[in-house]
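Let me begin by presenting the structure, written as structure tokens, before commenting on it.
2 protein chains.
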Amino acid sequence: KRKTQPTTEALVTQILEGNITALSRAITLVESSNPSHLNQANAIIKACLPHANASVRIGITGVPGVGKSTFIEAFGIHLTSEGKKVAVLAVDPSSTLSRGSILGDKTRMDDLVKNENAFIRPSPSGTSLGGVARKTRESIILCEAAGFDTIVIETVGVGQSETAVHSMVDFFLLLKLSGAGDELQGIKRGIIEMADAIAINKADGENLKAAKLAKVEFNRALHLYPEKDSQWQPKVILCSALQREGIADIWEMISSYLEHTKKTGFFERHRKLQNKFWLLQTIEDRLKSDFFNRQKIKTELKVQLQLIEDGK
Amino acid sequence: KRKTQPTTEALVTQILEGNITALSRAITLVESSNPSHLNQANAIIKACLPHANASVRIGITGVPGVGKSTFIEAFGIHLTSEGKKVAVLAVDPSSTLSRGSILGDKTRMDDLVKNENAFIRPSPSGTSLGGVARKTRESIILCEAAGFDTIVIETVGVGQSETAVHSMVDFFLLLKLSGAGDELQGIKRGIIEMADAIAINKADGENLKAAKLAKVEFNRALHLYPEKDSQWQPKVILCSALQREGIADIWEMISSYLEHTKKTGFFERHRKLQNKFWLLQTIEDRLKSDFFNRQKIKTELKVQLQLIEDGK
Numbered sequence: 204k205r206k207t208q209p210t211t212e213a214l215v216t217q218i219l220e221g222n223i224t225a226l227s228r229a230i231t232l233v234e235s236s237n238p239s240h241l242n243q244a245n246a247i248i249k250a251c252l253p254h255a256n257a258s259v260r261i262g263i264t265g266v267p268g269v270g271k272s273t274f275i276e277a278f279g280i281h282l283t284s285e286g287k288k289v290a291v292l293a294v295d296p297s298s299t300l301s302r303g304s305i306l307g308d309k310t311r312m313d314d315l316v317k318n319e320n321a322f323i324r325p326s327p328s329g330t331s332l333g334g335v336a337r338k339t340r341e342s343i344i345l346c347e348a349a350g351f352d353t354i355v356i357e358t359v360g361v362g363q364s365e366t367a368v369h370s371m372v373d374f375f376l377l378l379k380l381s382g383a384g385d386e387l388q389g390i391k392r393g394i395i396e397m398a399d400a401i402a403i404n405k406a407d408g409e410n411l412k413a414a415k416l417a418k419v420e421f422n423r424a425l426h427l428y429p430e431k432d433s434q435w436q437p438k439v440i441l442c443s444a445l446q447r448e449g450i451a452d453i454w455e456m457i458s459s460y461l462e463h464t465k466k467t468g469f470f471e472r473h474r475k476l477q478n479k480f481w482l483l484q485t486i487e488d489r490l491k492s493d494f495f496n497r498q499k500i501k502t503e504l505k506v507q508l509q510l511i512e513d514g515k
Numbered sequence: 204k205r206k207t208q209p210t211t212e213a214l215v216t217q218i219l220e221g222n223i224t225a226l227s228r229a230i231t232l233v234e235s236s237n238p239s240h241l242n243q244a245n246a247i248i249k250a251c252l253p254h255a256n257a258s259v260r261i262g263i264t265g266v267p268g269v270g271k272s273t274f275i276e277a278f279g280i281h282l283t284s285e286g287k288k289v290a291v292l293a294v295d296p297s298s299t300l301s302r303g304s305i306l307g308d309k310t311r312m313d314d315l316v317k318n319e320n321a322f323i324r325p326s327p328s329g330t331s332l333g334g335v336a337r338k339t340r341e342s343i344i345l346c347e348a349a350g351f352d353t354i355v356i357e358t359v360g361v362g363q364s365e366t367a368v369h370s371m372v373d374f375f376l377l378l379k380l381s382g383a384g385d386e387l388q389g390i391k392r393g394i395i396e397m398a399d400a401i402a403i404n405k406a407d408g409e410n411l412k413a414a415k416l417a418k419v420e421f422n423r424a425l426h427l428y429p430e431k432d433s434q435w436q437p438k439v440i441l442c443s444a445l446q447r448e449g450i451a452d453i454w455e456m457i458s459s460y461l462e463h464t465k466k467t468g469f470f471e472r473h474r475k476l477q478n479k480f481w482l483l484q485t486i487e488d489r490l491k492s493d494f495f496n497r498q499k500i501k502t503e504l505k506v507q508l509q510l511i512e513d514g515k
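Heads up: the protein sequence lines correspond to chains A and B, in order. The opening residue of the first sequence carries number 204 in the numbering used here; numbering runs sequentially from there. The opening residue of the second sequence carries number 204 in the numbering used here; numbering runs sequentially from there.
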């Protein structure tokens, strides 16, 4: 009943040729919780690593309702029209239950899905953010080896996941709404500080005036923060993903960020720091999961936490 | 040559009687890196725990030069004049080298040092923030058992240490300067979001005008953040620690915060969350230090990190 799995060598060769089917299969192996897939997944990643890295990695976050899917579709279409190959991945640990609260429904990106220079993949599932993030990082490597030069990582701005995404991208974009007052609802603390830019979406029609006011306010807020290590002053840009307005401006801004950080050496330095961080993170995650998954530890910890809850 | 150490029982009895010498000795045991002191320290903490917790824990941070020592002295004197017993501790992992960049020089708090209702202790030393923070947390318990009802924890706003302090206090106060522009220099990202209040210090004489402007600006910035779990809207207050102005207002504000959070149940809930966090943190710290201190791991990790640095 089960199809014969292609060999590791065959998969790697096909990935390097840009074969999407092979890329999807390899990502499925990376995402698998089946221990027998682990070795093959690691072998593929190892073979792909020398061909990775030559890309721009862009993180995009924003609360539900901000128009992330519409934005990413418009952004992806603009990029492919400029000759880029765009991979869209997602990090959403909550999707384990809901099975894909973001990017799960690819039909929301109708035009981009059909585009042969775009690859869209929903969030891997997993019980821990650490696991989901690791799988996504490995998928980035595979996408890059398959020739994708622009990697977009989507996440929801409500949990810890944007910290993980922030630590795997070169540029971090926060999407906001222009609606009166509610542009500030539900953002996780610290996200504004992580942002390299804030794009105020749905800045069209009757929203335009409020969006312009929000732009002034955010610009003021951003200036309250100390200078970033990248020496980049975060920008605020208006856009309407639905009308496909402002999208080119955002890409132009990201391009000038890349030019700036490549010139100063920050880009390269930052990637190395991220790689070191992830090496340590992977070791720590493994160390912790090995420990906390022991039945004896689980039982005892539960007892101790209950004692605290009971105030003892 | 060495004096006989008092027994654990004797130390505990004296601590519970409010004996400062015994308290200092016990803290020295907690801070000791001598493994033979570990058991006694743990026994003392265990015996003191049931007598701890009945206090207010206030974190105070701010960059060097903001006037922390002067502020804490004025604040401590105000509190003791209201009948409080005040313990001042510090968290400063960098002090391992400098031996006390904060609170090391007690003479900076001349009046408070002489006050019999105040206890001042410089930062424990230690190579890791985790270790320093754990020692401080244990010292809090000892101080509370000795009858101190107001614990002030000082830290410098330039590293990771305020996150640690934030997670051990009920109220987190950020001290700022009013000077044009430089009130925003050198703050670590995220600190503003942690603050329950910002006190703009040195708001006196020629600085007063700038301080008032800064107050408006910070109030605006604070309103950009989502509501805190405590449902407390962070305040901005002007003060002059040197002139001892605004200090009573700050204590009044903290009192109303306490009243609010005790009424809503947040105070109790938050402390339990902190206790659970610290249980897990202590386990993780131990797990990691056991692992990363193995010589074989150290050597191999160094090799791997160098490979990343070399871009391989």
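Each residue gets a CB set at the ideal place from its N, CA and C atoms; glycine is no exception. Here the structure is a predicted model, which means the values were calculated and not measured.
Excluding the 5 residues preceding and the 5 following residue i in the sequence, name in chain order all residues of the same chain whose CB lies nearer than 6 Å to its CB.
i	result
residue 292 (chain A)	324, 339, 342 and 356
residue 318 (chain A)	283
residue 425 (chain B)	437
residue 303 (chain A)	Any reading at residue 303 (chain A) must be qualified, since the residue scores a pLDDT of 44, below 50, and its modelled position is unreliable; the value itself is stated next. Counting only Cβ-Cβ distances below 6 Å, and skipping sequence neighbours, we find 325.
residue 488 (chain B)	333
residue 439 (chain B)	401, 418, 421 and 422
residue 225 (chain B)	214, 217 and 218
residue 495 (chain B)	none
For residue i, which residues in chain A fall below 7 Å Cβ to Cβ?
i	result
residue 243 (chain B)	Simply none; closest approach about 22 Å.
residue 512 (chain B)	475
residue 507 (chain B)	482
Thinking just about the alpha-carbon of each residue, which of the options is nearest to the one in residue i?
i	options	result
residue 377 (chain A)	A:393, A:398, A:363 and A:321	A:398
residue 407 (chain B)	B:467, B:415 and B:368	B:415
residue 480 (chain B)	B:508, B:368, B:459 and B:442	B:368
residue 208 (chain B)	B:220, B:219 and B:231	B:231
residue 256 (chain A)	A:354, A:460 and A:463	A:354
residue 270 (chain A)	A:245, A:222, A:381 and A:225	A:381
residue 453 (chain B)	B:400, B:364, B:238 and B:285	B:400
residue 450 (chain B)	B:429, B:404 and B:513	B:404
residue 431 (chain B)	B:448, B:470 and B:418	B:470
residue 428 (chain A)	B:259, B:395 and B:447	B:395
residue 262 (chain A)	A:501, A:505, A:500 and A:359	A:359
residue 154 (chain B)	A:476, A:507 and A:240	For residue 154 (chain B) there is no data in the structure shown, the boundaries of chain B being 204 and 515.
residue 236 (chain B)	B:329, B:229 and B:313	B:329
residue 366 (chain B)	B:348, B:477, B:458 and B:447	B:477
residue 466 (chain A)	A:264, A:311, A:294 and A:435	A:435
residue 294 (chain A)	A:448, A:315 and A:337	A:337
residue 314 (chain A)	A:275, A:327 and A:268	A:275
residue 264 (chain A)	A:242, A:393, A:233 and A:246	A:393
Leaving out five residues before and five after residue i in sequence, what residues of the same chain have Cβ atoms less than 7 Å from its Cβ?
i	result
residue 273 (chain B)	444 and 445
residue 281 (chain A)	450, 451 and 454
In chain B, which residues lie with their C-beta within 9 Å of the C-beta of residue i?
i	result
residue 424 (chain A)	423, 424 and 427
Once you ignore the five residues that flank residue i on each side, which residues in its own chain have a CB closer than 8 Å to its CB?
i	result
residue 576 (chain B)	As shown, chain B starts at 204 and ends at 515. That puts residue 576 (chain B) outside it, with no answer to give.
residue 254 (chain B)	219, 347 and 348
Next on the checklist: Give me the subset of the region 478-497 of chain A whose CB atoms are less than 9 Å from a CB atom of chain B, sorted by chain position.
Outcome noted: Those would be 478, 479, 482, 483, 486, 487, 490, 491, 494 and 495, in chain order.
Next on the checklist: Along the region 392-409 of chain B, where does the CB come closer than 9 Å to a CB of chain A? Name the residues.
Outcome noted: The residues in question are 392, 393, 395, 396 and 397.
Checklist entry - Counting Cβ pairs closer than 8 Å, one from the region 367-376 of chain B and one from the region 407-416 of chain B, do we hit at least three? => result Because the criterion of three Cβ pairs below 8 Å is not met, the region 367-376 of chain B and the region 407-416 of chain B do not touch.
Checklist entry - Pairing CB atoms from the region 242-252 of chain A with CB atoms from the region 212-219 of chain A, are three or more of them under 8 Å? => result Touching, yes, given that three or more Cβ pairs across the two stretches are closer than 8 Å.
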